[in-house]
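Peer 1:
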Amino acid sequence: MAHPPYDPMTMHGFVNPPIVRGSTVLFESTAAMEDRQSLRYSYGLAGTPTTRVLEDALSDLEGAYGTALVPSGLAAVTLPLLAFASAGDHVLVVDSVYAPTRRFCHQVLKRMGVTVEYYDPHIGSDIAGLMRPETSVVFLETPASNTFEIQDVRAICDAAHAGGAVTMLDNTWATPLFFRPLDHGVDLSIHALTKYPGGHSDLLMGSVSANEASWGKLLKMQTALGINAAPDDCSLVLRGLKTMAVRLHHHQQAALDLAHWLEAREDVLEVLHPALASFSDHEAFKRQFSGSTGLFGVVVDGDRDAARRFLDALEIFGLGYSWGGHESLAVLVDLSDRTIAKGPDRGSLLRLQIGLENVGDLQADLERGFAAMAGGDAQ
Ligand SMILES: *Cc1c(COP(=O)(O)O)cnc(C)c1O
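According to the numbering used here, the sequence shown is numbered sequentially starting from 8.
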C-alpha cells in the first residue's frame, strides 16, 4: 500500500506519520479522565497515533473492521486462540499448521482444558463431520507451512459457522495482496508482519484483523493481556508496506523462474509450489489466490545427509529461520510433528525463500548445492 491512511497535512505536510512513543496520556480535566472510554487515546498500552496508522492500513488491506498489533507473528496466532477458546471447548486445527502454533495448542490450550483436534488440510466441507457442540474455533493456514497444501476456505468456514464456531486463518504466506481471508468467510486473519510486510529481516511483529462480529472479543483479550507493538517498529512496517507490492512482484517472478528450473532437473523429485501447474492443489490455488510469493518447497533426490551437503555448499542462500526479507534462505524441513499431512514419502524436503538477489546468481548457488549433494562425502 503506497499511501497508508494518514493525511500529511495534519503534520505540516510531512509525507510519513511521526513516530509517537508514549505511556502516559494527559487529560484536560478529571471529567475527561472519567470519560476516557470515549477518547481515542487514554494510555500508551492501547496504541499511539503511529500504531493507529498501521492498524488502519492493515484493516483496509484485509477488508477488516479492526486490527490488533502484537509483538510477533506467533503472538498473532496465540491472541485470537486465547480470545475464543475456553475450558471445555473443542478446537479444530489444520494438521499442516506452522509448528509453533501446534506447540502452543499442546503446551497451553491443553492445560487450559481445551481439546485440540488436527484435521486434514484437504478436508473441505467434510469438516462438518468433525464439528462438536462444543467446537468453538476452526483454525486454518493456507498454503500450509512447508508442504503448501491449499485449503477450501469457503467450504470450511461455511461448515464451521453452521456449527457455531469462529474461523481464523494464518495468512502470512500470501499477504493481503494475494489473498483476503475475510472475503472468503474467515472471521480473523492472522499475519506475521515479520515476513513480507516488514520485508527486511529487522523486526518482529504480528497482526490480527477481525470482522465486526469478532472484533470486540479480540480487543478485550489484547487489553487483558497487556500486549501491543512498539511505535518504532510500526513505523518500520509502514515503510515496508509502501514497497511490498513491488517487492512481492520480484519475489513472485524469481521464485517461479527457479521453481520451473528446479522442476526440470533429474535430481529433483518434486517442487511444492502452489502456482506450478504440476502442483497437486494448483486448481484450488488458482480459484482462491491472485498471486504467489517467494517461499516454496523442493524435494531433492537424496537422504538427509545428502540434503545437508546441499545446504552447506550454498554461498548466497543463508541457513536461517523466518523468511519474507530481502535475502534468500534455505532450511531442511522437519515434519515429524505431523499426524496426517506427512509430506513427501521420498527424498528430502527443503524450503527455499527466494529473496531479491539476482536470479542467475541464485541459480548458480543452487547448482553448487546439487553438485555437493551428488559428490557425496568426497566433497
Ligand atoms: C513466521 C510465521 C509465524 C510467526 O511469526 P514470528 O514473527 O516469527 O513469530 C506465524 N505463522 C507463520 C505461517 C509463519 O511463517
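The beta-carbon is built from N, C-alpha and C at its ideal position, and this holds for glycine as well. What you are looking at is a predicted structure, and each value in this text was computed from that prediction instead of being measured.
Suppose you measure from the CA of T31 to the CA of L52; what does that come to, to the nearest Å?
Peer 2: In the sequence shown, the residue the question calls residue 31 occupies position 24. In the sequence shown, the residue the question calls residue 52 occupies position 45. Their Cα atoms are separated by approximately 9 Å.
Peer 1: Roughly how many angstroms separate the alpha carbons of I347 and I157, rounded to a whole number?
Peer 2: Translated into the one-based positions of the sequence shown, residue 347 becomes position 340. Translated into the one-based positions of the sequence shown, residue 157 becomes position 150. So the two alpha carbons sit approximately 15 Å from each other.
Peer 1: Sort out for me which residues DSSP pairs A199 with in a bridge.
Peer 2: Translated into positions along the sequence shown, residue 199 becomes position 192. Answer by DSSP bridge pairing, in chain order: G213.
Peer 1: Strictly by DSSP, which residues pair up with H97?
Peer 2: Stepping through the sequence shown from its first residue, residue 97 is reached at position 90. Note: H97 sits in a beta bridge opposite T122, T142.
Peer 1: If you drop the 5 nearest sequence neighbours on each side, which residues of the same chain put their C-beta closer than 7 Å to that of V123?
Peer 2: One-based indexing of the sequence shown puts residue 123 at position 116. Excluding sequence neighbours, V123 sits near V98, V100, C112, L116, K117.
Peer 1: I'd like to know whether the C-beta atoms of L184 and A252 end up nearer to each other than 7 Å.
Peer 2: Taking the first residue of the sequence shown as position 1, residue 184 is located at position 177. Taking the first residue of the sequence shown as position 1, residue 252 is located at position 245. In this structure, A252 lies closer than 7 Å to L184 by Cβ.
Peer 1: Pull every residue with its beta-carbon under 5 Å away from any heavy atom of ligand 1, and keep them in chain order.
Peer 2: Those residues are S79, G80, L81, Y105, D177, T179, A199, T201, L211, given in chain order.
Peer 1: Would you tell me roughly how many angstroms separate the C-alpha atoms of L6 and T37, rounded to the nearest one?
Peer 2: It is not possible to answer for residue 6, since the shown part of the chain is limited to 8 through 386.
Peer 1: Taking 7 Å as the cut-off, decide whether the C-beta atoms of L189 and T201 are in contact.
Peer 2: Here residue 189 refers to the residue found at position 182 when the sequence shown is read from its first residue. Here residue 201 refers to the residue found at position 194 when the sequence shown is read from its first residue. For L189 and T201, no; Cβs fall outside 7 Å.
Peer 1: Can you tell me where the alpha helix (DSSP H) with L76 in it begins and where it stops?
Peer 2: Along the sequence shown, read from residue 1 onward, the residue named residue 76 stands at position 69. Not the alpha helix (DSSP H): L76 falls in the beta strand (DSSP E), residues 73-77.
Peer 1: In the DSSP output, what is D240 paired with across the bridge?
Peer 2: Walking along the sequence shown from the start, residue 240 turns up at place 233. Answer is none; D240 lacks a bridge partner.
Peer 1: If you drop the 5 nearest sequence neighbours on each side, which residues of the same chain put their C-beta closer than 7 Å to that of H129?
Peer 2: Residue 129 sits at position 122 when you count from the first residue of the sequence shown. Correct list, in chain order: E156.
Peer 1: By DSSP's criteria, L336 is part of a beta bridge. Which residues make up the other side?
Peer 2: As a first step, residue 336 is located in the sequence shown; it is residue number 329 there, counting from the start. G325, Q360.
Peer 1: Is it true that the stretch 264-284 meets the stretch 369-381, where meeting means three or more beta-carbon pairs spaced less than 8 Å apart?
Peer 2: A contact between stretches requires three or more CB pairs, one per stretch, nearer than 8 Å, and the stretch 264-284 meets this requirement with the stretch 369-381.
Peer 1: Compute the Euclidean distance between the alpha carbons of L81 and D352, then round it to the nearest angstrom.
Peer 2: Residue 81 sits at position 74 when you count from the first residue of the sequence shown. Residue 352 sits at position 345 when you count from the first residue of the sequence shown. When rounded, the distance between both Cα atoms is 29 Å.
Peer 1: Kindly indicate which residue of W222, F303, M228 has the alpha-carbon position closest to the one of Q260.
Peer 2: By one-based count along the sequence shown, residue 260 stands at place 253. The shortest C-alpha separation from Q260 is found at F303.
Peer 1: Exposed or buried, which one is T17 when buried takes at least 16 other CB atoms within 10 Å?
Peer 2: Position 10 of the sequence shown, counted from the first residue, corresponds to residue 17. Around the CB of T17, fewer than 16 other CB atoms lie within 10 Å, so the residue is classed as exposed.
Peer 1: Just reading off the beta strand (DSSP E) that L81 is part of, what are its end residues?
Peer 2: For the purposes of this step, residue 81 is identified with residue 74 of the sequence shown, where counting begins at 1. From DSSP, L81 is part of no beta strand (DSSP E) but of the alpha helix (DSSP H) over 80-91.
Peer 1: Taking one C-beta from the stretch 279-287 and one from the stretch 143-162 each time, how about it: are there three or more such pairs within less than 8 Å?
Peer 2: yes
Peer 1: In chain order, what residues of the same chain have a beta carbon less than 7 Å from the beta carbon of H207, not counting five sequence neighbours either side?
Peer 2: Indexing the sequence shown from 1 puts residue 207 at position 200. The answer, listed in chain order, is G247, G332, H333.
Peer 1: Using DSSP bridges, identify the partner residues of A50.
Peer 2: Within the sequence shown, residue 50 is the residue found at index 43, counting from 1. The sequence given here has Tyr at residue 50, not Ala. Paired residue(s): T31.
Peer 1: Determine, using beta carbons only, whether R311 and S355 come nearer to each other than 7 Å.
Peer 2: On the sequence shown, residue 311 is found 304 positions in, with the first residue counted as 1. On the sequence shown, residue 355 is found 348 positions in, with the first residue counted as 1. Going by C-beta atoms, R311 is nearer than 7 Å to S355.
Peer 1: So the candidates are Q295, R110, Q229, G298; which of them puts its Cα closest to the Cα of R345?
Peer 2: Residue numbering aside, residue 345 sits at position 338 when the sequence shown is read from its first letter. Ranking the options by Cα distance to R345, first place goes to R110.
Peer 1: To the nearest angstrom, report how far apart A92 and L225 are at their CA atoms.
Peer 2: Within the sequence shown, numbered from 1, the residue matching residue 92 stands at position 85. Within the sequence shown, numbered from 1, the residue matching residue 225 stands at position 218. About 11 Å.
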